[in-house]
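Take a look at the structure below.
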Amino acid sequence: MGLLTLGKPLSWEEIKASGYEEHIRRHGLIQFVNLYNRLKDRPCDVLKWGDEVEYMLVALDREKKTAKLLLKAEGILPALQAQEENNPKGDLKTLWRPEYASYMVEGTPGKPYGGLMAHLNTVEANMKLRRQEVIKLLDSDKGETALSLTVFPRLGCENFSTPSYEPYPRDEGISKSLFIPDEVIYPGHPRFRSLTQNIRKRRGEKVAINIPIFKDKNTPSPFVETFTNDHDGEGARAAKPDHVYMDCMGFGMGNSCLQMTFQACNINEARHLYDQLAPLCPIFLALSAASPVYKGYLTEHDCRWNVIAGSVDDRTEEERNLKPLKNNKFVIPKSRYDSIDSYLSPNGERYSDIDLVLDEKDCQELMDKGIDRQLARHIAHLFIRDPVSVFAEMIDLDDTKDSDHFENIQSTNWQTMRFKPPPVNSNIGWRVEFRPMEVQLTDFENAAFVVFVVLLTRTILTFKLNLLMQLSKVDLNMQQAQKRNAILNSKFYFRKDLRSCACDCPIEDEQCLMSIDTIINGGPLGEGQGDFPGLIPLINQYVATVETDLDTRCTIMCYLKLISDRASGKLVTLASWIRNFITSHPDYKHDSVVTERINYDLVEACDRITQGQLEPPELFHCSESKSSNDIPNSVKVAQEIV
65 MGLLTLGKPL SWEEIKASGY EEHIRRHGLI QFVNLYNRLK DRPCDVLKWG DEVEYMLVAL
125 DREKKTAKLL LKAEGILPAL QAQEENNPKG DLKTLWRPEY ASYMVEGTPG KPYGGLMAHL
185 NTVEANMKLR RQEVIKLLDS DKGETALSLT VFPRLGCENF STPSYEPYPR DEGISKSLFI
245 PDEVIYPGHP RFRSLTQNIR KRRGEKVAIN IPIFKDKNTP SPFVETFTND HDGEGARAAK
305 PDHVYMDCMG FGMGNSCLQM TFQACNINEA RHLYDQLAPL CPIFLALSAA SPVYKGYLTE
365 HDCRWNVIAG SVDDRTEEER NLKPLKNNKF VIPKSRYDSI DSYLSPNGER YSDIDLVLDE
425 KDCQELMDKG IDRQLARHIA HLFIRDPVSV FAEMIDLDDT KDSDHFENIQ STNWQTMRFK
485 PPPVNSNIGW RVEFRPMEVQ LTDFENAAFV VFVVLLTRTI LTFKLNLLMQ LSKVDLNMQQ
545 AQKRNAILNS KFYFRKDLRS CACDCPIEDE QCLMSIDTII NGGPLGEGQG DFPGLIPLIN
605 QYVATVETDL DTRCTIMCYL KLISDRASGK LVTLASWIRN FITSHPDYKH DSVVTERINY
665 DLVEACDRIT QGQLEPPELF HCSESKSSND IPNSVKVAQE IV
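65 is the number of the first residue of the sequence shown in the numbering used here; add one for each residue after it.
Below you can see the structure in the form of structure tokens.
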């Protein structure tokens, strides 16, 4: 979720009246300059990486046949964090943090993984440990469990949580939502409620998320929702026909995802890796698709991205180009949660074909202080956003020692990729964060996606691959990736020649439309265009060049087979599996409605899959690898010798 500063949160009215948004912006830029100049020539760091998995707490009532979100995160987090609190410098296996909703917790490895191939074989075991740590704090006799589920199917429906609360759609509330009560927002940290209210206040109205409904044979046409508690009519005005309407931050930030962070050797490698991973974001979004249901309705989308982008869209009507600019400085094409708008490496500048909205004065100020033009434009673009989470105790800071003002704005630009400078006074290096993936049900699947991305980064760096393409095409891919069954039905722009840095042909001719099967597994591109090598065959070439113990090699092969078969359609995505489960349920009326009983049966099946009690052959071939909590002794000895 980003920076978790403690203190007294300020309302948007207080931030604006005091001019703090400009104060934080100015000092945030100064803090970045200080960080950059101090750390740009930092000696080479070693490769480190890690993952984040967000879990949903769920209560299954086996007698009443209901599945509800369990608002218990605040109660179990102290126990999850006890080992870290009591022994902060110890050899921790796991770390835990709060997340946006009272039914969510976020788990990461206790320390980053390193550069050994054997570390790839510890990911799944660590994920299993994390899940076990949560589950042991829940009451299994009451049906309490922890699921890595991207979207809870009936989030926002009546009585979707336990305990249950009524929404409070009044202006003095936090979200003013017609569907999600404020009590669902995690109460143990003030940032979450402050963000929710300030985003709404800055926008001047509630956020409005509209996702096209899946039109089954009995779905009303037009499909129009009615709202009994819409006292001021805002919901009726914002809701679109034939769309599922959602109206608050909880519908996006209340979803779960799978994210990864990589520490690069130096700043230049971090910028290079940021660029090379950016075109892969829509591909991995489609590969990991896991969320076809919103607010109890089947939709035409299989992914959460546009929902979460809309949930934190604090742009005013002027910034959305609905009114002429008067009180705001810019028309801003995207939400603060969206795909990236510029590359960072020298080779990437040619492909940054999106008009970058920025304050030229900010950009020039950064360049005058030693920041190169490309990085200066990136930072200036991030800083067109206002700070929307400000704490009274964190206004006047020492810019030579602190970076909270920079992180305030940096951490509330939730993009597909994030470029992360080293924190102040730490031994952490320059990092990039890979953010598009949806979380899967099993630790095996989540580990497979993590290991696949890690191997891909090493393959890119080792073979000096070039995945760069026009960012405007990456944006088109992001929209394609979210469509129903995009993995089989959509084509994606992708670079044809991964070995060359550039060619003499027009930039548009360096890429073409491909299926995800071709991108992942390789295949012919069409008449006269040759063959595309495929990412997995390239990874296999890389793995063949490095020494790998037998168990790790077997695990890698299992993971790559899962990804390969998802891409080819031999296995289905979780989104397709959920959709098929619902449409084949005996209670389904072919009206796009996911009833409470359908929801129970679906979530109960998801829990059995997670626990290894159900293994749908269409979803994966196996659900467990040879993963281990420790790397082999022989590898440890070899590492010590080196």
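Don't be surprised by glycine CBs; every beta carbon is placed ideally from N, CA and C.
Residue nearest to I571 within the set I238, F394, N549 and R414 is R414 (criterion: CA-CA distance). By the CB criterion at 7 Å, S692 and N185 fall inside the cutoff. When DSSP reads this structure, N274 sits in a beta bridge with Y309. L211: member of the beta strand (DSSP E) spanning E208 to L211, first to last residue. Ranked by Cα distance from A272, the first of V371, W494 and K393 is V371.
Assignment of beta-bridge partners to W160 by DSSP yields G171. In this structure, the beta-carbon distance from V496 to Y338 falls below 7 Å.
Put simply, of E364, Y407 and L103 the residue whose alpha carbon is nearest the alpha carbon of R437 is Y407. Annotation for Q95: D463, D466, S467, H469 and F470 place their beta carbon closer than 7 Å to its own, counting only its chain and skipping 5 residues before and after. By the neighbour-count definition (other C-beta atoms within 10 Å, threshold 16), E77 is an exposed residue. Inter-residue distance for R368 and F508 is about 22 Å (C-alpha atoms, whole angstroms). Within the same chain, Cβ atoms closer than 6 Å to the Cβ of M542 are found at P346 and S403, the five residues on either side in sequence being excluded.
Bridge partners of L121 according to DSSP: A210. Contact annotation: E118 and M181 have beta-carbon atoms that are not nearer than 7 Å.
For R102, there is no enclosing beta strand (DSSP E); the enclosing alpha helix (DSSP H) has its first and last residue at Y84 to L103. Here the alpha carbons of N274 and K304 stand approximately 7 Å from one another. The beta carbon of T283 sits closer than 8 Å to the beta carbons of I277, H654, D655 and S656 from its chain, once the five residues preceding and following it are set aside; these are given in chain order. By DSSP's assignment, Q575 forms a beta bridge with R559. Here A165 is near Y250, since their CB atoms are less than 7 Å apart. A residue is called buried once 16 or more other Cβ atoms fall within 10 Å of its Cβ, and Y557 is buried on that count. The beta-carbon separation of Q504 and S258, rounded to 32 Å, does not stay under the 8 Å limit for a contact. Ranked by Cα distance from K112, the first of E333, E383 and A444 is E333. Restricting attention to beta strand (DSSP E) runs no shorter than 3 residues, the region 214-279 encloses them at 273-276, ordered along the chain.
Where A354 is concerned, there is no enclosing alpha helix (DSSP H), because DSSP gives it neither an H nor an E.
If you ignore the 5 residues before and after S687, its C-beta comes within less than 7 Å of the C-beta of T506, F508, G676 and E679, all in its own chain and listed in chain order. Counting along the chain, T325 sits inside the beta strand (DSSP E) bounded by residues L322 to Q327. For L430, the enclosing alpha helix (DSSP H) covers residues E424 to D432.
The region 128-142 and the region 283-299 do not touch, with fewer than 3 CB-CB distances between them shorter than 8 Å.
Of all C-beta pairs linking the region 659-672 to the region 209-229, three or more are shorter than 8 Å, placing the two stretches in contact. Around F394, the same chain offers E383, V421 and I448 as residues with beta carbons nearer than 7 Å, after the five sequence neighbours per side are excluded.
Using a 10 angstroms sphere on the CB of G493, the tally of other CB atoms reaches 16 or more, which defines it as buried. When only Cα atoms are considered, L133 and D671 end up about 13 Å apart. Just measuring C-alpha positions, the residue of R106, A440 and A210 sitting nearest S490 is R106. Excluding five sequence positions before and after T659, the CB atoms of its chain that fall closer than 7 Å to its own CB belong to D651, given in chain order. Sequence-distant Cβ neighbours of N101 in its own chain, meaning closer than 8 Å and more than five residues away, are K433 and G434.
DSSP places R400 outside any beta strand (DSSP E), giving it a letter other than H or E.
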